[in-house]
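The structure appears right after this line, and notes come after that.
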Amino acid sequence: MEWSNKISSMIAQIRDKRVTQEINKIRNDVDTKTDNLKRGIQAEVRADVDVLNDRINEVVNAQSLPRNNSDHDISLNVFIRELPESASENIMNKVNDGLKVSGVECARAERKESRDSGKPGLVVVGFRSHNDKRKVMEKKSDLRDSQQYEGVFINHDKSLQERQMADNFRTI
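So for the sequence shown, UniProt numbering puts the first residue at 1; every next one is plus one.
This is how it looks when you write it as structure tokens:
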């Protein structure tokens, strides 16, 4: 009986040792696969973060560059519709007089040729700063109170693509 207990005990020890070895082997395999997945995910995240950092740097650099080409910066422009047209007009004076915003003068103004002979052409007006443009856009509703400018409309200037998209939506 003693031998049978010893044999049973030895078999149990061998079985426990074997199970422990298998568990350790599986644990090592799982740890290895987890580490590989973790490294892969970290590499992907690092790559994505690098791309985002590059984009942020591009935006910061673009914002910090001096804008010498303000003539082409449409974010400083507005367009005016239905501003009465006269034969010998000084469009800059006409726009500044019509806006009636103290401390703000337009940097440039240009009347575009009208496609409809019965209507005056659009006037594209550029300002020196976003603050000047903001002041004008805040005061544009006051034009309704003026009898001379009640039918005049001021809107933000749009890029060619935005105008084409708006035209397409109007035809739909």
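Don't be surprised by glycine CBs; every beta carbon is placed ideally from N, CA and C.
I'd like the list of long-range same chain contacts for Lys119, defined as Cβ closer than 8 Å, with 5 residues on each side in sequence excluded. For Lys119, same chain residues with a beta-carbon under 8 Å away, outside a window of 5 residues either side, are Glu82 in chain order.
On a CA-only basis, which of Gln161, Ile154, Glu150, Gln13 is nearest Gly126? Give me that one, please. Taking the Cα of Gly126 as reference, the smallest distance to any Cα among Gln161, Ile154, Glu150, Gln13 is reached at Ile154.
So, helix, strand or coil for Val123, using DSSP? In this structure, Val123 counts as strand in the three-state DSSP scheme.
Own chain residues within Cβ distance below 8 Å of Glu2, not counting five before or after: The beta carbon of Glu2 sits closer than 8 Å to no other beta carbon from its chain once the five residues preceding and following it are set aside.
For Phe169, which residues does DSSP report across the bridge? Its beta-bridge partners do not exist; DSSP assigns none.
Note down, in chain order, each residue of its chain lying with its Cβ closer than 6 Å to the Cβ of Lys6, except the 5 sequence neighbours on either side. A distance below 6 Å between beta-carbons, with the five flanking residues on each side excluded, links Lys6 to no residue of its chain.
Less than 6 Å between C-beta atoms, sequence neighbours within five positions excluded: which residues of the same chain meet that for Gly103? Same-chain partners within the cutoff: there are none.
Using the beta-carbon count (16 or more within 10 Å), is Val123 buried or exposed? Buried.
Can you tell me whether DSSP reads Ala109 as helix, strand or coil? Strand at Ala109.
Inside the stretch 14 to 99 only - alpha helix (DSSP H) runs reaching at least 4 residues: Whole alpha helix (DSSP H) segments, 4+ residues: 91 to 99.
Between the stretch 39 to 57 and the stretch 87 to 105, can you find at least three pairs of beta-carbon atoms closer than 8 Å? They do not touch, by the three-pair rule.
Cβ neighbours of Lys139 in the same chain (closer than 8 Å, five flanking residues each side left out): Contacts found: Leu99, Lys100, Val101.
Can you name the start and end residues of the alpha helix (DSSP H) that Arg136 belongs to? The question names Arg, but residue 136 is Val in the sequence shown. For Val136, the uninterrupted alpha helix (DSSP H) run begins and ends at 130 to 139, by DSSP.
Note down the Cα distance separating Ile14 from Thr20, rounded to an integer number of angstroms. If I take the Cα positions, the gap works out to 10 Å.
Exposed or buried, what is Val51 when buried is set at 16 or more other beta-carbons lying within 10 Å of its beta-carbon? Result: exposed.
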